[in-house]
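J.: First to last, the sequence lines map onto chains A and B.
For the first sequence, my numbering gives the first residue as 53, with consecutive numbering after it.
For the second sequence, my numbering gives the first residue as 53, with consecutive numbering after it.
Next up is a structure, given as structure tokens.
There are 2 protein chains.
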Amino acid sequence: MPAPSSVAAAEQTSRDKILDAAEGLFAKRGYAAIGLRELAEVVGLGKSSLFHHFRTKAQLYAAVTARILVRIEARLVRSLAAGGDPLVRLERWLDDLVDLLAENPTYARVLLRSLFEDDDLPGDLPEEIEGRRAIGDMMAAVGGLLREGMGAGLFRAVHVNHFLLTLVGVTVFPFASGEFGAEVLGKDLFDPTEVRRRKREVRALLRSGLVARASR
Amino acid sequence: MPAPSSVAAAEQTSRDKILDAAEGLFAKRGYAAIGLRELAEVVGLGKSSLFHHFRTKAQLYAAVTARILVRIEARLVRSLAAGGDPLVRLERWLDDLVDLLAENPTYARVLLRSLFEDDDLPGDLPEEIEGRRAIGDMMAAVGGLLREGMGAGLFRAVHVNHFLLTLVGVTVFPFASGEFGAEVLGKDLFDPTEVRRRKREVRALLRSGLVARASR
DNA sequence: AGTGCTCCCGACCGATCGGTCGGTCGCGGA
DNA sequence: TCCGCGACCGACCGATCGGTCGGGAGCACT
């Protein structure tokens, strides 16, 4: 490796270029639909060079998803750890999650695809397991947060695990929904003002649901 | 066609058997990962026979998704049309949607995959367009319902289009989430008692959000 | 008996798949 | 100077891909 450039980024290792390109392609079209020839061409390498960095296609895929899952965990566990009452922490976690998904358009897709396709792929490479652990840990932490809020009387009595699924569905799904989401919305979901709106709606949903106060 | 069996079902045309098998396979592993040889074997036909019923693989896929989308629309537009105030109608729509997804485990996956993969496939077969129309119409109807409820002061002022995405995320995503959902939940999401719980949580979310009444 | 039609099949096509192999090139260390 | 080594490549492999083709079995109608 040449001395890490002081100019930062700009200079990427081939391995990282492969991971980045693969992330984009897998996100858009899925594991099975991407051929290694196509990927190699996007990266600007010969196809056989890919095998110098990753033993198999499945291995490469696992590396792509694990990298994302670990990054997500790394950033979001921090926002969970910061202070505040459970509602504050939960809302900060959701805000950060939405920001993360909005800033990295590939993440939501890769996340959902990794849920869909895990039945599929040849089992259990080490990075796959690491990725699962990262997400599992984070979900458990949010679950604890919900329980804490309920214990303090701050939250109503929710079914914690179902509520976790709800939270994921409310945040991850829209950013993975592609053309459908854009069509429903009439705008690009990744536009900063739409991201802001999305966060506001999620927060409002937590705080008061849909039904107007006056009507009950 | 031999006289339609009075014994009902049991006797299926080859075309329907192909559609059913393809639905299951596409739902589980996606378009690109399913080979026509495998599909033909599941159906119990020779591979070339598939081409007697569908001109191409893409055409077959479009037929599979369109059938589901139209079925969903057919059932859910009815539940929207039935009477009641906007909240009652919205909750009935959500209940029926959840029931539909729970009774047909392939639907949620096919739905989400059709959102993901539409960038992908060779453009615009007629059944594809018909499927899109069905879903688009339904989403528009629900949007109208939200607006009606807001106009009547029943609902708080939501951003209608964002809220539509929320509703889809809350209902469709969990049933598509496969092993992840089961792991978070600790149980099979398609189990009747979990389905009931899911509906209850969705309704509670609409009615009061997460935050306890007393705390504001 | 013959004709036409639906349904189905095995054999085959060119293309592409993931992966292997032998080898070239440039660079850092001895 | 030479060596070892990481990075890279083109050519090639068997397998599988979606799709075509010609034909056969069964049935209805004349």
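Glycine included, C-beta positions come from ideal geometry on N, C-alpha and C.
Just so it is clear, the structure is predicted and the values come from calculations on it, not from any experiment.
(1) Between A/LYS69 and A/TYR113, what straight-line distance do the alpha-carbon atoms span, to the nearest angstrom?
(2) Quick check: the Cα distance between A/PHE227 and A/LEU152, rounded to an integer number of angstroms?
(3) What residues of chain A sit near B/ARG249, judged by a beta carbon separation below 7 Å?
(4) Given 8 Å as the limit, is there contact between the region 184 to 196 of chain B and the region 119 to 139 of chain B, that is, 3 or more CB pairs closer than that?
(5) Which term fits A/ALA266, buried or exposed, when burial requires 16 or more other beta carbons within 10 angstroms of its beta carbon?
(6) For A/GLU125, does the count of other Cβ atoms within 10 angstroms reach 16, so buried, or fall short, so exposed?
(7) Can you tell me which of the three DSSP states B/VAL236 falls into?
(8) So, does the CB of A/THR218 fall closer than 9 Å to a CB anywhere in chain B?
(9) Run through DSSP, which three-state label would A/PHE106 get?
(10) Assuming A/ARG259 and B/VAL263 are in contact, meaning their beta carbons sit under 8 Å apart, how far apart are those beta carbons, in whole angstroms?
(11) I'd like to know if B/ARG185 contacts chain A, where contact means its C-beta is closer than 9 Å to some C-beta of that chain.
(12) Can you tell which of A/PHE215, A/GLY221 and A/SER101 has the C-alpha that lies nearest to the C-alpha of B/LEU217?
(13) I'd like to know if B/GLU253 contacts chain A, where contact means its C-beta is closer than 9 Å to some C-beta of that chain.
(14) When the Cα of A/ARG185 is compared with those of A/ALA209, A/ARG123 and A/MET202, which residue comes out closest?
(15) Please state if the CB of B/THR223 and the CB of B/LEU149 are separated by a distance shorter than 9 Å.
(16) Within the same chain, show all residues whose beta-carbon is closer than 7 Å to that of B/ALA209, passing over the 5 residues directly before and after it, in chain order.
(17) Tell whether a beta-carbon distance below 9 Å holds between B/ILE120 and B/TYR159.
(18) Within 9 Å of any Cβ in chain A, is that where the Cβ of B/ARG89 sits?
(19) Helix, strand or coil: which one does DSSP assign to A/PHE207?
(20) What is the rounded straight-line gap between the Cα of B/ALA79 and the Cα of A/HIS104?
(21) Identify each residue in the region 142 to 169 of chain B for which the Cβ-Cβ distance to at least one residue of chain A is less than 9 Å, and report them in chain order.
(22) Which residue spans inside the region 139 to 166 of chain A form an unbroken beta strand (DSSP E) run of at least 3?
(23) Excluding the 5 residues preceding and the 5 following B/LEU111 in the sequence, name in chain order all residues of the same chain whose CB lies nearer than 7 Å to its CB.
(24) Should B/MET190 be flagged as near chain A, meaning a C-beta pair shorter than 9 Å?
(25) Taking 9 Å as the CB-CB cut-off, is A/VAL59 touching chain B?
(26) Give the range of the alpha helix (DSSP H) segment to which B/THR65 is assigned.
(27) Quick check: what's the CA-CA separation for A/LYS109 versus A/SER100?
(28) Assuming B/THR245 and B/GLY183 make a contact with CB atoms under 8 Å, what is their CB distance in whole Å?
(29) Using a Cβ cut-off of 7 Å, pull out every chain B residue sitting near A/ALA84, in sequence order please.
T.: Walking through what the data contain:
(1) Numbered from its first residue, the first sequence carries residue 69 of chain A at position 17. Numbered from its first residue, the first sequence carries residue 113 of chain A at position 61. Approximately 14 Å, taken between the alpha carbons.
(2) Locating residue 227 of chain A in the first sequence gives position 175, counting from the first residue. Locating residue 152 of chain A in the first sequence gives position 100, counting from the first residue. Using only the alpha carbons, I get a separation of about 10 Å.
(3) Along the second sequence, read from residue 1 onward, the residue named residue 249 of chain B stands at position 197. One finds HIS211 and HIS214 in chain A with Cβ atoms closer than 7 Å to the Cβ of B/ARG249, taken in chain order.
(4) Yes, the region 184 to 196 of chain B is in contact with the region 119 to 139 of chain B.
(5) Mapped onto the first sequence, residue 266 of chain A falls at position 214. Confidence at A/ALA266 is low in this model, with a pLDDT of 47, below 50, so its placement is unreliable and the value that follows should be read with caution. In the assembly as shown, A/ALA266 is an exposed residue. Its beta-carbon has fewer than 16 other beta-carbons within 10 Å.
(6) As a first step, residue 125 of chain A is located in the first sequence; it is residue number 73 there, counting from the start. Here A/GLU125 is buried: its Cβ has 16 or more other Cβ atoms, across all protein chains shown, within 10 Å.
(7) For this step, residue 236 of chain B is matched to residue 184 along the second sequence. B/VAL236: helix per DSSP, three-state reduction.
(8) Locating residue 218 of chain A in the first sequence gives position 166, where the first residue counts as 1. Yes, A/THR218 counts as interfacial toward chain B.
(9) Reading the first sequence from its first residue, position 54 is the one you call residue 106 of chain A. Under the three-state reduction of DSSP, A/PHE106 is assigned to coil, being neither helix nor strand.
(10) Here residue 259 of chain A is taken as the residue at index 207 of the first sequence, counted from 1. Here residue 263 of chain B is taken as the residue at index 211 of the second sequence, counted from 1. Contact between A/ARG259 and B/VAL263 holds: their C-beta atoms lie close to 5 Å from each other, under 8 Å.
(11) Here residue 185 of chain B refers to the residue found at position 133 of the second sequence. Chain A, which has no Cβ nearer than 9 Å to the Cβ of B/ARG185, makes this no.
(12) As a working mapping, residue 217 of chain B is identified with position 165 in the second sequence. Ranking A/PHE215, A/GLY221 and A/SER101 by Cα distance to B/LEU217 puts A/GLY221 first.
(13) Working through the second sequence from its first residue, we reach residue 253 of chain B at position 201. Closer than 9 Å to some Cβ of chain A, the Cβ of B/GLU253 qualifies, so yes.
(14) Taking the first sequence and counting its residues from 1, the one referred to as residue 185 of chain A is at position 133. For A/ARG185, the nearest C-alpha among the options comes from A/ARG123.
(15) As a working mapping, residue 149 of chain B is identified with position 97 in the second sequence. As a working mapping, residue 223 of chain B is identified with position 171 in the second sequence. Yes, they are a contact pair.
(16) In the second sequence, residue 209 of chain B corresponds to position 157, counting from 1. Around B/ALA209, the same chain offers MET202 as residues with beta carbons nearer than 7 Å, after the five sequence neighbours per side are excluded.
(17) Taking the first residue of the second sequence as 1, we reach residue 120 of chain B at position 68. Taking the first residue of the second sequence as 1, we reach residue 159 of chain B at position 107. Yes, the pair counts as a contact, with Cβ atoms nearer than the cut-off.
(18) Stepping through the second sequence from its first residue, residue 89 of chain B is reached at position 37. Chain A contact via Cβ: absent.
(19) Stepping through the first sequence from its first residue, residue 207 of chain A is reached at position 155. Assignment of A/PHE207 by DSSP, reduced to helix, strand and coil, places it in the strand class.
(20) Position 27 of the second sequence holds residue 79 of chain B. Position 52 of the first sequence holds residue 104 of chain A. Rounded to whole angstroms, B/ALA79 to A/HIS104 spans 34 Å at the Cα level.
(21) Taking 9 Å as the Cβ-Cβ cut-off against chain A, the residues of the region 142 to 169 of chain B that qualify are LEU142, ARG161, LEU164, ARG165, SER166, LEU167, PHE168 and GLU169.
(22) Counting only runs of 3 or more, we get nothing.
(23) In the second sequence, the residue the question calls residue 111 of chain B occupies position 59. The sequence given here places Gln at residue 111 of chain B; Leu does not occur at that position. Excluding residues within five positions, the ones whose Cβ falls inside 7 Å are LEU177.
(24) As a position in the second sequence, residue 190 of chain B is number 138, starting the count at 1. Closer than 9 Å: no.
(25) The residue given as residue 59 of chain A occupies position 7 in the first sequence. Only weak support exists for where A/VAL59 lies, its pLDDT of 39 falling under 50; the coordinates are left without a value.
(26) If you number the second sequence from 1, residue 65 of chain B lands on position 13. Premise fails: B/THR65 is in no alpha helix (DSSP H) and is neither H nor E.
(27) Sequence index remark: in the first sequence, residue 109 of chain A carries index 57 (1-based). Sequence index remark: in the first sequence, residue 100 of chain A carries index 48 (1-based). If I take the Cα positions, the gap works out to 12 Å.
(28) Position 193 of the second sequence, counted from the first residue, corresponds to residue 245 of chain B. Position 131 of the second sequence, counted from the first residue, corresponds to residue 183 of chain B. Rounded, the Cβ-Cβ distance is 32 Å, inconsistent with contact.
(29) Position 32 of the first sequence, counted from the start, is the residue given in the question as residue 84 of chain A. Residues of chain B passing the Cβ test: GLY82, ALA84 and ALA85.
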